[in-house]
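Under the numbering used here, the first residue of the sequence shown is numbered 54, with each subsequent residue one higher.
Structure first, then comments.
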Amino acid sequence: MLCQYSVKNFKSIKEEVTFDMQATSIKEHEDRVIVCADGEKFLPIASIYGPNGGGKSNLLESLFTLRAKIMRPIFATKNEKFKDIRNIIYPYMFSQENAPTEFEIFFRTEISEYRYFISICKETVVKETLDQIKFDTRRKSEIFSREDSKIILKGVVSNLKVPEISSSIPLLSYLYILYSSNETIKDVVKWFEHDLIVLNYDNSLFERNILALSDEYKDLKLQILQEMDIDIVNYRIEKTGENTIQILTVHNVDGHEAEIDFYDESSGTRKIFGMLTFIIDSILNGKTLVVDEMDAKIHPSLLEYIICLFNNFEINKRNAQLIITSHDLTTMNSELFRRDEIWFVAKGNEQNSQLYSLVEFKKNGKKVRNDARFDKQYLEGKYGADPYLKKIINWEEISA
54 MLCQYSVKNF KSIKEEVTFD MQATSIKEHE DRVIVCADGE KFLPIASIYG
104 PNGGGKSNLL ESLFTLRAKI MRPIFATKNE KFKDIRNIIY PYMFSQENAP
154 TEFEIFFRTE ISEYRYFISI CKETVVKETL DQIKFDTRRK SEIFSREDSK
204 IILKGVVSNL KVPEISSSIP LLSYLYILYS SNETIKDVVK WFEHDLIVLN
254 YDNSLFERNI LALSDEYKDL KLQILQEMDI DIVNYRIEKT GENTIQILTV
304 HNVDGHEAEI DFYDESSGTR KIFGMLTFII DSILNGKTLV VDEMDAKIHP
354 SLLEYIICLF NNFEINKRNA QLIITSHDLT TMNSELFRRD EIWFVAKGNE
404 QNSQLYSLVE FKKNGKKVRN DARFDKQYLE GKYGADPYLK KIINWEEISA
């Protein structure tokens with residue numbers, strides 16, 4: 054479970070921004086928060102809004118980049134194709150300073166809560182720490198720290214030996230490569246590898262990866278497609294080459310079944326079809342699913358259906374989380390969301406991204422009411438992340 058995430062000096066993000074999945078003490082939808090055994094409360098869902106170019110995607114990309122920085126050295130020990138992949142971190146794009154990019158993340162597994170911090174300048178790790186936070190006492194104990202070439206191992210890893218380590222490899226990754234049987238290191242890496250899913254639809258390989266996963270949870274996927282009124286009653290996967298497959302979807306037409314190629318389906322149907330594997334996996338196994346522009350190509354009713362899957366704890370029994378960016382305003386309402394589940398990214402005066410939640414937003418010293426028309430007030434520009442065009446071109450002058 055993701056508890057809190059902060060990033061500084063990444064692409065459009067200049068100063069540190071913090072995204073928090075801990076539930077605030079507001080009264081609406083109190084039955085729709087995740088209550089842990091130690092009494093801490095977290096949110097099952099969050100939606101991030103803002104204008105194009107505001108930095109929504111950069112926030113999620115930074116999380117994807119952090120995960121990739123940790124996992125690529127580990128993957129490279131198992132698969133040759135990862136060995137030559139560089140993992141350069143791009144700092145705030147409007148600065149000439151050579152400052153490091155900083156990531157800090159708090160997350161929970163079934164065993165413990167952890168705080169992981171890493172500071173990176175392009176490819177070089179400048180500083181890195183891992184702390185463990187006990188559920189019952191909230192006491193924080195340091196597991197390791199690293200500053201430049203100085204490494205200190207404590208507690209459950211104090212007896213491990215670290216030979217000379219490359220400055221581009223995180224210590225967390227290196228310890229896992231050498232000591233994957235260590236329960237704490239294994240627990241932390243497992244969360245990044247399996248329990249944090251960041252979907253990147255700009256990746257040209259992504260749709261092919263979707264196809265490779267498409268036979269998982271088949272029966273449940275078909276049931277959900279029927280609930281969504283998407284007329285796919287079955288599908289089958291054929292291997293067409295050593296590394297290629299073809300999906301044929303089955304439709305019931307006038308009492309008989311007809312097959313069509315998956316790529317002849319609408320782009321929205323293809324997206325839903327692909328995402329369902331990750332949605333089902335997240336809900337059944339309590340994972341954190343992060344999706345950029347979830348609403349793109351998807352009808353608002355289907356987006357609402359997906360949100361409700363995570364909000365319904367009779368379905369979401371393992372405390373899964375869904376974090377999305379969206380432009381869809383039909384779902385920006387107090388029926389679907391608590392105010393601490395609605396976030397905004399806005400541009401500052403230096404083209405830098407600023408992040409804040411609706412629950413902390415104030416206008417003339419007043420907070421937004423829980424019964425306000427969120428969508429209407431957002432369109433009116435009252436929340437700062439103004440979606441309107443600032444300048445209108447005079448086409449009559451241009452055409453003259």
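Quick reminder that beta carbons are idealized off the backbone N, C-alpha and C, glycines included.
The continuous beta strand (DSSP E) containing Asn287 extends over residues 287–292. By the C-beta density criterion, Ile351 is buried, having at least 16 other C-beta atoms within 10 angstroms. Taking 8 Å as the upper bound for CB-CB distance, Ile98 and Ile360 are in contact here, some 6 Å apart. In the DSSP annotation of this structure, the continuous segment of the alpha helix (DSSP H) that includes Thr237 starts and ends at 236–243. Nearest in C-alpha terms to Thr130, of all of Ala76, Asp282, Ser233, Phe117, is Ser233.
Comparing alpha-carbon positions, the option among Ala349, Gly401, Thr162, Asn62 lying closest to Tyr145 turns out to be Asn62. For Val398 against Ile101, the beta-carbon gap comes to about 6 Å, under 8 Å, which counts as contact. Taking the C-beta atoms as reference points, Arg125 is found nearer than 8 Å to Asn140. By the criterion of a C-beta distance shorter than 7 Å, Phe147 is surrounded in its chain by Glu403, Gln404, once the five residues flanking it on both sides are discounted. In this structure, DSSP gives Glu166 an extended state, which the three-state scheme calls strand. One Cα belongs to Asp334, the other to Tyr167, and the distance between them is close to 23 Å. Under the three-state reduction of DSSP, Val86 is assigned to coil, being neither helix nor strand. The three-state secondary structure of Phe326, taken from DSSP, is helix. Note that the C-beta distance between Glu312 and Leu301 is below 8 Å. Linking Gly401 to Gly108 through their CA atoms gives a straight-line distance of about 11 Å. Rounded to whole angstroms, the Cβ separation of Thr322 and Ile283 is 6 Å, and the two are in contact under 8 Å. Counting C-beta pairs closer than 8 Å gives fewer than three between the stretch 286–297 and the stretch 233–252, which falls short of the contact rule. Judged by DSSP secondary structure, Arg199 falls within the beta strand (DSSP E) whose first and last residues are 193–200. Looking only at Val343, Ile164, Pro353, the smallest Cα-Cα distance to Lys187 is reached by Ile164. In terms of Cα proximity to Ser202, the closest of Ser219, Leu213, Ile196 is Ser219. DSSP lists no beta-bridge partner residue for Ile359.
Sequence-distant Cβ neighbours of Leu231 in its own chain, meaning closer than 7 Å and more than five residues away, do not exist here.
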